[in-house]
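Remarks on the structure that follows.
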Amino acid sequence: MKDYMNQLDKETRKVDFDSFDISVKELISMANESIINIAPEYQRQFRWPEENQSKLIESVLLGIPIPNLFMAANRDGSWELIDGVQRLNSLIHFCGTPDQIKMFGLGNPLKLKGLDILSEFNGATFEDLPHSLKLKFNLRPLKVTTLSDKSDLKVRFDLFERLNTGGIKLTPQEIRGCVFRGQFNDFIVDLAKNDDFNKVVNVSTSKAKDGTREELVLKFLAYKINREQFKHSVEYFLNDFMAESSVHFNYKKYRELFERTFESLQLLLPDGIKRGNKGSTPQVLFEAIAVGAADALEEGNDIMDSNVVNWINDEELRRLTTGATNSGPRLRDRILYCYNRFKVDV
49 MKDYMNQLDK ETRKVDFDSF DISVKELISM ANESIINIAP EYQRQFRWPE ENQSKLIESV
109 LLGIPIPNLF MAANRDGSWE LIDGVQRLNS LIHFCGTPDQ IKMFGLGNPL KLKGLDILSE
169 FNGATFEDLP HSLKLKFNLR PLKVTTLSDK SDLKVRFDLF ERLNTGGIKL TPQEIRGCVF
229 RGQFNDFIVD LAKNDDFNKV VNVSTSKAKD GTREELVLKF LAYKINREQF KHSVEYFLND
289 FMAESSVHFN YKKYRELFER TFESLQLLLP DGIKRGNKGS TPQVLFEAIA VGAADALEEG
349 NDIMDSNVVN WINDEELRRL TTGATNSGPR LRDRILYCYN RFKVDV
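Numbering (this note's numbering) for the sequence shown: 49 to 394.
Below is the structure:
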């Protein structure tokens, strides 16, 4: 019989929330002082047009409830914005100081437009309003819900993903960049800029800035180091690996192996990891080729005579990298196939 209550109790204990009423002025001040952290991965997603921003300002002026801002508490006392980047940036854009507006890259102060109810306010900036109205706006309380720092990072990732509903949705890797900030995430971002890696990996223009390169780096490291633990869910596997690696990781060893691997691959595959004339690199093929090459290099093999440019189109490798590929055995089989071909051209 399924034990519903025990599982619910166990998972509920991992999540702890607090609720606050915080004034508009105090929220902007907290963001300005980095007490509220708007991670770069979120900040660049600010896409609301001025009409949408103006509608939010109108709602605040009228006292109409707006959705809660959702934060996660960090152990240093700061809060991390999870859901509400559009709302918070709109408030800053309207009533922030010129320095604050500039700091957040918002251009000129917001001039209200497209308002139906408060039509007299169209064309006005915050500075145009009477002092009493500015004071009323600044003191208007907004609801803020925070996830306590007692919740572990994997729970935080899940909540980021569930609550990431406003504006343009972040990819799982962009969310990891918010959740697992620190030395290991910085390491991944740095490796994703490697010239040889970028010559080998062909990423479409639409995915050039959505964390795809960083996720490929993470997959390379995770499958190289910990692929025996992979079962079925790529997302959970990468989350677990990133959480563990954020605590302890051999940066020197794996930077050197990463650089050697992609220096070799860019010479062997000048057109990148792909089949035929297809522009983008298939992720499954990338995993097999890159990790297989790294395994061979780590064992001291010279892979430069492996003739990969020909066998990358082999029927067996195609079979291992198409269809139902998302399982531990299939992952390990395709990496092993490439490893054996890199060792010697059979």
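For each residue, glycine too, the CB sits at the ideal point set by N, CA and C. Nothing here was measured: the structure is a model prediction, and the numbers come from that model.
Which residues share a DSSP beta bridge with residue i?
i	result
valine 192	Phe68 and Leu117
asparagine 85	Glu128
Within the same chain, show all residues whose beta-carbon is closer than 8 Å to that of residue i, passing over the 5 residues directly before and after it, in chain order.
i	result
leucine 315	Met352
arginine 275	Val339, Gly376, Leu379, Arg380 and Ile383
valine 394	The predicted position of valine 394 is uncertain, since its pLDDT is 45 and thus under 50; a value taken from the coordinates is nonetheless stated next. Cβ neighbours of valine 394 beyond the five flanking positions: Asn388.
Return the CA-CA distance between residue i and residue j, expressed in angstroms with no decimal places.
i	j	result
tyrosine 271	glutamate 335	8 Å
asparagine 85	leucine 110	28 Å
valine 72	leucine 139	7 Å
valine 192	glycine 230	25 Å
arginine 176	phenylalanine 268	As written in the sequence, residue 176 is aspartate, which differs from the arginine given in the question. The alpha-carbon atoms of aspartate 176 and phenylalanine 268 are separated by roughly 55 Å.
methionine 151	arginine 323	45 Å
arginine 188	glutamate 98	21 Å
proline 157	proline 178	17 Å
glycine 182	isoleucine 105	Here the sequence assigns lysine to residue 182, which means glycine is not the residue at that position. So the alpha carbons of these two residues sit roughly 12 Å apart.
isoleucine 165	glycine 171	14 Å
cysteine 143	tryptophan 127	21 Å
alanine 79	glycine 155	17 Å
alanine 344	arginine 367	22 Å
tyrosine 302	aspartate 238	13 Å
glycine 348	tyrosine 284	32 Å
isoleucine 70	serine 77	11 Å
lysine 317	isoleucine 360	The sequence shown places leucine at residue 317, rather than the lysine named in the question. Looking at the two C-alpha atoms, the distance is approximately 10 Å.
leucine 163	phenylalanine 169	7 Å
Where does residue i sit, in a helix, a strand or coil, going by DSSP?
i	result
leucine 345	helix
phenylalanine 278	coil
histidine 141	helix
valine 394	In this predicted model, valine 394 has a pLDDT of only 45, less than 50, meaning its place in the structure is not dependable enough to derive any value.
isoleucine 223	helix
threonine 329	coil
phenylalanine 235	helix
threonine 309	helix
threonine 260	helix
aspartate 362	coil
aspartate 164	coil
Check whether the Cβ of residue i lies closer than 7 Å to any heavy atom of the ligand NAD, and answer yes or no.
i	result
glutamate 81	By its list of ligands, the structure shown contains no ligand whatsoever, and the ligand NAD lies outside what it can speak to.
Within a Cβ cutoff of 7 Å, which residues of the same chain sit near residue i, ignoring the five residues on either side of it in sequence?
i	result
glycine 320	Lys247, Val248, Val249, Asn250 and Thr329
phenylalanine 65	Thr193, Thr194, Leu195 and Ser196
Leaving out five residues on either side along the sequence, give the residues of the same chain with a beta carbon under 6 Å from the beta carbon of residue i.
i	result
isoleucine 114	Ser107
phenylalanine 232	Ser293, Ser294 and Phe297
Which two residues bound the contiguous alpha helix (DSSP H) that contains residue i?
i	result
methionine 352	Careful: methionine 352 lies outside any alpha helix (DSSP H) and carries neither H nor E.
serine 107	98-110
isoleucine 149	146-151
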